[in-house]
Amino acid sequence: MKMHMGYRIVPCLAALLALVACGSGQMRAGAGGEGEPEGSSGVAASNGVGMWRVVRDALDSTEGGMVDVEIMDEAGFGQPIVAARLQVPAGWRTAGGIRWNDAAECFSGQVYSSWSASSPDNASVLEVLPGFAWQIKGTQIATDPCPVATYRSAREFLEAAAQHMRPGARVLDYSDWPELVQKTEEKVRQEGVPLGEGQRRRFEAGRLLVGYRAEGVEMREVFATVVSFMSLGNKQDGSAGRLLAYRAPNGRLDLGFMDDVVASFQENRQWTPLAMERVKGNVQRYFTTQRQGIDSWHARRMAEINARGEADRAAIRSQTVRDVAAIRSQTHANTIATNDGIHARTIDGIYERNTYAGADGNTEVHSSIHGGQRVFQENNNPYNAWSTDDPYAQPADATELSRIR
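Those letters in the sequence shown? Residues -29 to -1, 1 to 376, per mature numbering (1 follows the signal peptide of the UniProt record, and there is no 0), in order.
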């Protein structure tokens, strides 16, 4: 297991800044300038073309030219250092950077991007969002701290990410990105990233186009990523180094802009090896501590077995197996809860919102931190929720919600 995890994180970290390849040049149209075709179900065609061919119209992304910007790691190594550079339209505002959480057990949660660039009117936004690593369900092992998920393709991961960030969003189209896969493979070969004995690796890249309404405005958003799938024996893992998201009102989304950003993305070759060594050290410490804890516990239990005599040994061995299984199960459960919590709080922070428990107890309601401190949800229309600072508000047809995050 120790060898497996070591070989797993090296190629995954090498792909951490995988969105550096040149764009395909095949997506230069505006998305949804005329709305969805009449009679369309809003679901992508199986050949992954569909909406990518809509005529370019009413685009605002790059009219003023592109300028260089930096994604900074302000505190990861004692002083600010540039993690990556890319280009965005002139006049766009940037915020955020690289964040560290050395205590995260799964390596993908230890270093992550939380960065955005927005147009002057805040209608168009580009985001570099945290990546995610997972064990593929049915192949997981208890000592691996990364969460378990069912995603077996880049498309499945992107659709899940889109629904997590934009609940109820309609999938309009999906396109594989073979050119980005090729560039990623070339980059990994050039850097000499090794595979362990018997280990296999493949990359997938894709772009997902979704539509949804936000504050009464029909929106279009593209999600893009590169996913690395690793396998060793029956064990299978997936990891996306980062998630790129670009949204704009319907008619203003320039799909070619996504290509331009990806083409301009360059990691800082001074920062990358520092980040890789730091994450590798964190992972090594985690498994060393785990191994020492298990060995120490096992030694104590074996001493107890010897002290109690031969008659009790069979019963104690049986209990030992159950105890170890419980420890591993609890570790896995805690890891999932921690990763989910960090990811949810990160997304809330990016969108400057608080999260409230819906009146039915099963849904979540989001409210801007710039709104009122009290949030109500209409009893007969759960989609209608509002905030207020009025301390005496007691609407008869609504329920006041409780903040959960």
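Every residue, glycine too, gets a C-beta built ideally from N, C-alpha and C. Predicted model, so just to flag it, every value in this text is computed and none were measured.
Pull up the distance between the alpha-carbon of residue i and that of residue j, whole angstroms please.
i, j, result
"residue 304", "residue 172", "27 Å"
"residue 148", "residue 254", "31 Å"
"residue 59", "residue 363", "46 Å"
"residue 195", "residue 56", "18 Å"
"residue 20", "residue 187", "Any answer about residue 20 is weak, because its pLDDT of 39 lies below 50 and its placement is not dependable; what the coordinates show is given next. Approximately 28 Å, taken between the alpha carbons."
"residue 301", "residue 119", "14 Å"
"residue 18", "residue 65", "For residue 18, the predicted structure reports a pLDDT of 40, less than 50, and the residue's modelled location is therefore unreliable. A value from the coordinates is still provided. Looking at the two C-alpha atoms, the distance is approximately 35 Å."
"residue 212", "residue 267", "35 Å"
"residue 189", "residue 220", "6 Å"
"residue 256", "residue 51", "25 Å"
"residue 381", "residue 126", "Lying outside -29 to 376, the shown extent of the chain, residue 381 is not represented and no answer is given."
"residue 139", "residue 123", "22 Å"
"residue 320", "residue 340", "10 Å"
"residue 116", "residue 80", "11 Å"
"residue 154", "residue 288", "52 Å"
"residue 237", "residue 198", "18 Å"
"residue 67", "residue 41", "10 Å"
"residue 152", "residue 49", "34 Å"
"residue 290", "residue 271", "13 Å"
"residue 159", "residue 275", "50 Å"
"residue 260", "residue 294", "18 Å"
"residue 356", "residue 135", "20 Å"
"residue 7", "residue 143", "Note on residue 7: pLDDT 48, under 50, position unreliable in the model; no value is reported."
"residue 285", "residue 297", "19 Å"
"residue 335", "residue 325", "10 Å"
"residue 43", "residue 252", "22 Å"
"residue 359", "residue 352", "18 Å"
"residue 161", "residue 130", "31 Å"
"residue 283", "residue 86", "59 Å"
Of the residues the options, which one's Cα is nearest the Cα of residue i?
i, options, result
"residue 317", "98, 60, 61", "98"
"residue 348", "360, 331, 339", "331"
"residue 247", "78, 213, 335", "78"
"residue 337", "128, 116, 36, 137", "137"
"residue 273", "259, 229, 292", "292"
"residue 45", "53, 312, 350", "53"
"residue 333", "375, 340, 70, 123", "375"
"residue 354", "344, 369, 345", "369"
"residue 39", "192, 115, 231", "231"
"residue 90", "161, 217, 237", "217"
"residue 361", "342, 350, 199, 351", "342"
"residue 106", "224, 145, 307, 157", "307"
"residue 128", "271, 145, 114", "145"
"residue 345", "335, 327, 184", "327"
"residue 200", "365, 96, 103, 244", "103"
"residue 62", "36, 83, 80, 351", "36"
"residue 233", "150, 47, 311, 95", "150"
"residue 88", "290, 252, 229", "229"
"residue 185", "271, 286, 367, 322", "322"
"residue 350", "359, 335, 329", "329"
"residue 245", "260, 296, 47, 160", "47"
"residue 132", "177, 366, 235, 286", "177"
On the DSSP bridge assignment, give the partners of residue i in chain order.
i, result
"residue 144", "180"
"residue 100", "214"
"residue 348", "356, 370"
"residue 280", "None; residue 280 has no bridge partner."
"residue 337", "326"
"residue 62", "In DSSP, residue 62 forms no bridge with anything."
"residue 317", "Paired residue(s): none; residue 317 is not in a bridge."
"residue 170", "203"
"residue 85", "68"
"residue 42", "55"
"residue 361", "DSSP output for residue 361 lists no bridge partner at all."
Less than 8 Å between the C-beta atoms of residue i and residue j, yes or no?
i, j, result
"residue 372", "residue 214", "no"
"residue 203", "residue 170", "yes"
"residue 313", "residue 72", "yes"
"residue 193", "residue 226", "yes"
"residue 182", "residue 141", "yes"
"residue 191", "residue 179", "no"
"residue 75", "residue 309", "yes"
"residue 96", "residue 250", "no"
"residue 121", "residue 299", "no"
Quick check: does the Cβ of residue i come within less than 7 Å of any heavy atom belonging to the ligand HEM?
i, result
"residue 70", "No copy of the ligand HEM appears in this structure; indeed no ligand is present at all."
Three or more C-beta pairs below 8 Å linking the region 103 to 119 and the region 205 to 218:
Taking 8 Å as the limit for Cβ pairs, the verdict is that the region 205 to 218 does touch the region 103 to 119.
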